[in-house]
Structures are given as structure tokens and as C-alpha cells.
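Participant: Converting from the sequence shown to this note's numbering requires adding 69 to each position, the first position being numbered 1. Below: one structure in C-alpha cells.
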Amino acid sequence: MKLFRPLLALALLLILIAAAWLWWALPSRVDMAGYAPADSLVYVEFNNLSEVAQAIQQSEVWQAAAPITGSKTTSRSRFMMAAARAGIGPLEAVVFARAQVALVVVDLNATEENDTLKVRPEVALIAETHTSKWRTKTSAAEVVRKLANFAYGASMCSERTGDADYVECSIAGGERKIVGAVDGTLVVIGNSDNAVRSCLEARRGSRPNMRTDTELLKVRSNFASDKTLGFGYISPANSAKLFSWAAPLLMRQAPGNPQLEQLLAVSAGKILRGVAWTASPTKGGLEDRFLFSLEPGVVQRLQPAFETAGPDENIWKLIPQSFQSVTIYRSKAPAVAWSSLGSAVSFKLDAVPAVLFGELLRSSLSVYGIDNPKEVLTTLSPPLLTLRPSTATEGSILVARVSDEAKLRRSLMEDVFKDGKGEILEGLESNPSADKEFAAVFADGYVLLGRTENMRSGLAALRTPETDRRAGVKESAHESSAPIVTYSNDEERLNNFITTLLKLQGRSLSSEEAANLQSTLRRSGFSSTETRLNAFGIERTTRSAFGQFGTLVSLLQADSSAR
């Protein structure tokens with residue numbers, strides 16, 4: 070007994086010492102916004118990589134593909150996780166358990182080449198490893214080399230030391246490169262010197278960082294939660310700037326007009342109040358929420374566009390058994406919904422910008438052969454849907470129930486369809502002439518509108534017997550009360566995500582395995598996106614297998630950054 074007491078006391082003392090050491094060794098979470106330049110166009114943060122990996126591995130698609138890919142679910146032993154977070158174990162496990170990561174877009178470089186716009190973003194990945202430099206330096210350099218070889222092919226790499234330890238990899242004679250910097254516990258990897266330098270300066274305090282953005286702090290506290298796997302933010306000013314770059318393309322105008330972009334940016338700034346994104350685990354996959362904040366007066370004027378009508382089951386006979394995407398608009402009165410969009414825009418804008426934005430809105434329907442939306446929409450009844458057939462490379466067709474066929478025919482012939490640019494046909498067996506730019510097909514009280522090449526693809530898909538993959542989509546659409554709901558075939562994106570991860574691990578699938586994976590993904594259904602209006606703006610909620618993580622990882626594919 071006399072010996073037992075000292076041993077017990079010693080054991081308790083050791084336990085207390087171990088607990089104290091673990092408490093001291095566990096990293097304290099930092100605010101990654103303090104590492105990002107204040108003028109970053111896009112900011113995204115992930116504070117727990119192990120939670121992200123766990124959510125992906127628990128998705129139905131990942132588990133269904135695991136027997137083919139040989140991927141194993143990572144064990145989540147509490148002891149091993151605690152040890153890794155305390156810095157004990159292999160470097161890869163330690164960094165994975167401790168690191169916080171942010172992704173920033175610091176600039177966009179757009180160039181025209183043979184009538185094609187190429188956009189090359191300057192991007193940086195910021196990792197606070199909470200792990201000493203002597204442990205991370207060699208591994209960080211190796212990561213940069215692997216990324217360069219993966220993205221660009223065989224690359225030449227060099228190392229240098231200055232205000233940080235750098236490694237730079239590029240292709241001989243090429244402009245693209247990957248730069249990595251290790252500064253204490255921080256690792257920054259970017260595709261330009263400017264991207265890396267900007268993040269280092271933001272962290273050191275020599276330039277403003279995103280923690281100075283009070284709107285970001287406010288949105289994050291209101292929009293994110295403990296279950297959030299990722300958070301993203303675009304400031305009001307940058308939301309307007311990005312819109313001003315994209316809008317000319319929708320208006321079929323060449324980009325690079327400074328006056329037009331300035332006008333669009335100033336105008337959009339009066340309407341947009343920023344964009345926020347979160348990702349959270351959900352049943353069978355991940356849920357992405359996007360909030361496009363708008364001025365309160367704009368939200369109020371948009372309400373008629375989000376008043377919904379009842380479902381129409383007959384519309385499904387005009388949706389092929391296989392498609393790339395379909396969006397269903399349930400606005401109670403399409404013409405009123407359209408007018409509310411114009412009212413919301415003109416409410417905040419002067420005459421010239423209002424006309425410009427009106428042209429932008431009108432261009433969204435001109436691709437279907439509608440040049441006079443106010444008149445045409447009075448002839449249509451809900452629901453309206455836009456459909457992108459599986460065989461169409463780009464573009465979609467508009468499908469709607471007709472309430473005044475004579476007026477619709479007359480309106481089409483007086484506008485875009487005049488002078489032989491379009492033709493009006495009867496029945497789904499129609500075969501639009503390739504010589505016409507547009508086509509309209511009337512069938513059983515409905516109309517299909519669009520460019521001829523898209524119409525031909527859509528009609529062919531309706532006549533082609535395939536395995537019906539709409540059952541889950543129809544059930545989901547029936548249960549959803551959202552004013553706007555979109556279903557997208559996620560097969561290609563899921564395949565890219567899985568194969569990219571395998572390539573990063575130095576693995577590739579055999580022809581048989583690739584075919585089996587394709588077959589498995591074909592049964593995985595569609596992602597769904599619901600769009601609603603709330604007190605702050607427009608909210609879009611997407612449920613899919615891997616969420617936006619699938620998109621981010623797929624961007625690592627070779628040469629993707631150049632397109």
C-alpha cells in the first residue's frame with residue numbers, strides 16, 4: 070500500500086503533465102482573413118481539412134465508387150487525431166490535422182486570342198500549418214514541384230532565399246509558373262509572384278488584409294456556423310467589378326471597353342451588396358449556400374418574380390429522359406415577374422444605366438428568339454423551363470405552356486423570326502431547317518423556343534428512347550416549393566473530381582475500372598439547386614455529392630487555368 074500511493078501520485082502527475090503539454094501544443098485557430106490582401110477579388114477559407122475529407126468520404130457517391138477506386142475511408146480515431154493536432158506523428162497527418170487554409174483570387178488577366186476570351190486568374194493558396202518551418206520547408210517545396218508537373222508537365226524548379234524561402238517551377242519558354250513561399254509556419258503557393266507577395270505582405274501587416282473588411286466579419290458571423298466546412302466572400306465592390314467584366318459577354322460585346330465596364334461596375338454597385346458562400350455536410354453529400362445580398366429596395370421590388378404557381382406534371386413529357394440541365398421557373402405570372410426585374414433595376418439606376426441593364430435582361434431571352442419579352446411573356450403560363458439537352462455543346466431551349474397561341478405566333482413573326490430568320494413548326498416530330506437561325510415548335514398546348522442547333526438536339530433527345538433518369542428529379546421537383554429549381558447532370562464533374570484526386574496520388578484507372586466508374590456515376594443522379602428570395606437578397610442552395618470542393622479540385626487539371 071505504501072508503494073502504491075507514490076506510484077498513483079506519480080501516474081497522476083504524469084497525466085497532468087501530459088494534459089498540460091497537449092493543451093499547450095494544440096494550435097489556436099487564427100483568422101485566415103488576416104492573411105488575405107484586402108483587395109482580393111474572391112476569398113475562401115477552410116478551417117478544418119479533416120472535417121472536409123470526412124464529409125466527402127461519407128457521401129453516397131464516394132462510398133459507391135470506393136470499391137472501384139480502391140479508396141479507403143480515413144479512420145477518425147480520437148487518440149490519433151488528438152496526437153496529430155498536438156504535432157505528434159507523420160508530417161502529412163500533423164499538417165492535415167492542424168492546418169487552416171484559405172484560397173484567394175488577387176486579380177484576373179483577360180486576353181483575346183482568335184476571337185476567344187482567355188481568363189487567367191492570379192490565385193494563391195494560403196496554409197497556416199501551425200507547424201514549425203524546419204518540418205514543413207522540404208515538404209512544401211515537394212508539393213510545389215508535384216503541382217507544377219501535374220498542371221504543366223515536366224517543369225524546371227529552382228529555390229532561393231530572401232524574406233522567405235521560395236521555390237519556383239515553370240516550363241522552359243513558358244509564362245505559366247507555380248511559386249511557393251515558406252515563412253515561419255505559413256506556406257503560400259500561387260501561380261504568380263504577385264499573388265504570393267500580396268499574401269505575405271498582408272500577413273506581415275505591410276498592406277491591408279481582409280480583416281479590415283467589416284462587412285466580411287458581419288456576413289461570416291451571420292452566415293457561417295460550427296457545421297460550416299467552408300466559407301467564401303466577395304465584397305460589394307468586387308461583386309460589381311466581376312459583374313462588369315462578365316456582363317459584356319452576355320450582351321455579345323467584346324470585353325475590354327473601359328467606359329462600359331466602369332458604367333456597369335458603378336451601376337451594379339448600387340444594387341449588389343456582396344456574395345457569401347458556405348458549405349455544410351448534408352444527407353448523402355454536401356450543401357452549398359450562396360447569398361447574393363441586394364439593396365433592400367431591390368429585394369422588395371423582386372418579390373413578384375418569386376410568387377409561385379402550382380406544379381404542372383404535364384411539362385415532364387417535354388423533358389427528355391436524359392439531359393445536361395433543366396431549370397424550372399414557377400413564377401405565377403411570367404410577364405409580371407419580368408416587369409419586377411426591370412423595376413428592381415431602374416429603381417436604383419439613372420436613365421442610361423437602366424437602359425443598359427434592360428438590354429442585358431433582354432439579351433437573356435433573345436437567345437431563344439424572343440426580342441419583345443413584355444409581349445411574349447403575356448402569352449405564356451407557368452411553369453417556364455430552360456433545358457440543355459445532353460447532346461448540345463452549349464445553349465439551351467425554352468419550354469412553356471401557351472395561353473394565347475395566336476398572339477405568340479404573331480409576336481414571333483414580327484420580331485426575331487421575320488425575314489426568314491426563324492420558322493414555326495408543329496409537333497415534336499418536326500425537323501427544324503439548319504438554314505434558319507431560330508425555331509419554334511408548338512405541341513399539345515406548349516411551345517419550344519430556341520436556336521435551331523439546340524432545338525434539333527432537344528427534339529432528337531425527346532424522340533430517343535433512353536434509360537429514364539428523371540424519376541428522382543421528378544420526385545424532388547414535386548417536393549420542392551422553391552420558385553426556381555435547377556437540376557444538373559453531375560456525372561462529368563464527379564468523374565473529374567475522383568480521377569483528379571487519383572492522379573494527384575499518382576494513380577490511374579484501367580479501362581475497365583474507368584468504365585465501371587462511369588457506370589456507377591451514371592446512377593448517381595443529379596445535383597439540385599433551389600433559388601429563393603429572402604430579406605437580404607437571393608439565396609441559392611445546391612445539394613450535390615462533393616459540392617464546390619469538386620469544382621475547386623477539378624481546376625487542378627492540366628492546362629485548365631488557361632481556358
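From the three backbone atoms N, C-alpha and C, an ideal C-beta is built for every residue, glycine too. Since we're looking at a predicted model, the values are computed, not measured.
Which residue wins for smallest C-alpha separation from T600, given the options L360, K476, R266, I247?
Facilitator: As a first step, residue 600 is located in the sequence shown; it is residue number 531 there, counting from the start. When each option's Cα is compared against that of T600, the closest is L360.
Participant: Output yes if chain D places a C-beta closer than 9 Å to the C-beta of L430; else output no.
Facilitator: In the structure shown, chain D does not exist; there is a single protein chain.
Participant: Identify which residue in L456, K476, S480 has its Cα closest to the Cα of S526.
Facilitator: Taking the sequence shown and counting its residues from 1, one reaches residue 526 at position 457. Ranking L456, K476, S480 by Cα distance to S526 puts L456 first.
Participant: Who are the Cβ neighbours of D484 in its own chain at under 6 Å, not counting the five residues just before and after it?
Facilitator: What you label residue 484 is simply residue 415 of the sequence shown in a count that begins at 1. The residues are D440, N441.
Participant: Please report the straight-line C-alpha distance between L563 and S588, rounded to a whole angstrom.
Facilitator: Looking up residue 563 in the sequence shown gives position 494. Looking up residue 588 in the sequence shown gives position 519. C-alpha separation (whole angstroms): 12 Å.
Participant: Could you tell me if M524 is buried or exposed, where buried requires 16 or more neighbouring beta carbons within 10 angstroms of its beta carbon?
Facilitator: Reading the sequence shown from its first residue, position 455 is the one you call residue 524. Classification for M524: buried.
Participant: Residue ranges of each alpha helix (DSSP H) run of no fewer than 4 residues wholly in the region 303-359, ordered along the chain?
Facilitator: The qualifying runs are 305-319, 327-338.
Participant: Are V130 and G379 touching if we call contact CB-CB under 9 Å?
Facilitator: Looking up residue 130 in the sequence shown gives position 61. Looking up residue 379 in the sequence shown gives position 310. Cβ distance not < 9 Å, so V130 and G379 don't count as in contact.
Participant: Distance, Cα to Cα, D393 vs S336?
Facilitator: In the sequence shown, residue 393 corresponds to position 324, counting from 1. In the sequence shown, residue 336 corresponds to position 267, counting from 1. The sequence shown places Gln at residue 393, not Asp. Approximately 34 Å, taken between the alpha carbons.
Participant: In chain order, what residues of the same chain have a beta carbon less than 6 Å from the beta carbon of S267, not counting five sequence neighbours either side?
Facilitator: Position 198 of the sequence shown, counting from 1, holds the residue named residue 267. Only P106, V175 meet the Cβ criterion.
Participant: Just the Cα atoms here: how many angstroms apart are N278 and K310?
Facilitator: Looking up residue 278 in the sequence shown gives position 209. Looking up residue 310 in the sequence shown gives position 241. Spanning the two alpha carbons is a distance of roughly 19 Å.
Participant: Is the beta carbon of S224 less than 9 Å from the beta carbon of N218?
Facilitator: By 1-based counting over the sequence shown, the position of residue 224 is 155. By 1-based counting over the sequence shown, the position of residue 218 is 149. Cβ distance < 9 Å, so S224 and N218 count as in contact.
Participant: What three-state label does DSSP hand L76 in the structure shown?
Facilitator: Reading the sequence shown from its first residue, position 7 is the one you call residue 76. Low local confidence applies: a pLDDT of 49 at L76 is under 50, so the model's placement there is unreliable, with the coordinate-based value given in what follows. The answer is helix: DSSP assigns L76 an H, G or I state.
Participant: Have a look at G496 and F486 and give me their C-alpha separation to the nearest angstrom.
Facilitator: Position 427 of the sequence shown, counting from 1, holds the residue named residue 496. Position 417 of the sequence shown, counting from 1, holds the residue named residue 486. Cα to Cα, G496 sits roughly 18 Å from F486.
Participant: Along the beta strand (DSSP E) that carries A250, what are the first and last residues, could you check?
Facilitator: In the sequence shown, counting from the first residue as 1, residue 250 sits at position 181. Where A250 is concerned, the enclosing beta strand (DSSP E) stretches over 246-252.
Participant: Using the DSSP secondary-structure output, state which residues sit across from P458 in a beta bridge.
Facilitator: As a working mapping, residue 458 is identified with position 389 in the sequence shown. According to DSSP, P458 bridges with F392.
Participant: Where DSSP assigns a beta bridge to P442, which residues make up the other side?
Facilitator: Against the sequence shown, residue 442 aligns to sequence position 373. Note: P442 sits in no beta bridge, so no partner.
Participant: Since T598 contacts R609 with CB under 8 Å, what's their CB separation in whole angstroms?
Facilitator: The residue labelled residue 598 in the question sits at position 529 within the sequence shown. The residue labelled residue 609 in the question sits at position 540 within the sequence shown. At roughly 6 Å, the Cβ-Cβ gap stays under 8 Å, so T598 and R609 are in contact.
Participant: Considering only their Cβ atoms, is the gap separating V288 from A348 smaller than 9 Å?
Facilitator: Taking the first residue of the sequence shown as position 1, residue 348 is located at position 279. Taking the first residue of the sequence shown as position 1, residue 288 is located at position 219. No, Cβ-Cβ distance for A348 and V288 is not below 9 Å.
Participant: How close, in whole Å, do the beta carbons of F605 and S362 come, if the pair is a contact with beta carbons under 8 Å?
Facilitator: As a first step, residue 605 must be located in the sequence shown, where it is residue number 536. As a first step, residue 362 must be located in the sequence shown, where it is residue number 293. The pair is a contact, with the Cβ atoms about 5 Å apart (cut-off 8 Å).
Participant: In chain order, what residues of the same chain have a beta carbon less than 6 Å from the beta carbon of P190, not counting five sequence neighbours either side?
Facilitator: For this step, residue 190 is matched to residue 121 along the sequence shown. So the list reads V174, L177, once near-sequence residues are dropped.
Participant: Going by other Cβ atoms of all chains shown within 10 Å of its Cβ, with 16 needed for buried, is T281 buried or exposed?
Facilitator: As a working note, residue 281 is residue 212 in the sequence shown. T281 should be labelled exposed.
Participant: Rounded C-beta distance between E197 and L255? I'm assuming under 8 Å.
Facilitator: Taking the sequence shown and counting its residues from 1, one reaches residue 197 at position 128. Taking the sequence shown and counting its residues from 1, one reaches residue 255 at position 186. With 8 Å as the limit, E197 and L255 qualify as a contact, their Cβ atoms being about 6 Å apart.
Participant: For the beta strand (DSSP E) containing V554, list its first residue and its last residue.
Facilitator: Numbered from 1 along the sequence shown, position 485 holds the residue referred to as residue 554. It spans 553-558 - the beta strand (DSSP E) in which V554 sits, taken as one unbroken run.
Participant: Ordered along the chain, which non-local residues of its own chain (more than five positions away) have a Cβ less than 8 Å from that of R214?
Facilitator: Here the question's residue 214 lines up with position 145 in the sequence shown. The answer, listed in chain order, is S224, C226, V236, C238.
Participant: Beta-carbon separation of R470 and P458 under 9 Å?
Facilitator: For the purposes of this step, residue 470 is taken as the residue at position 401 of the sequence shown. For the purposes of this step, residue 458 is taken as the residue at position 389 of the sequence shown. Not a contact, by the Cβ cut-off of 9 Å.
Participant: Quick one: is K417 buried, meaning 16 or more other Cβ sit within 10 Å of its Cβ, or exposed?
Facilitator: Numbered from 1 along the sequence shown, position 348 holds the residue referred to as residue 417. When all chains shown are included, K417 counts as buried.
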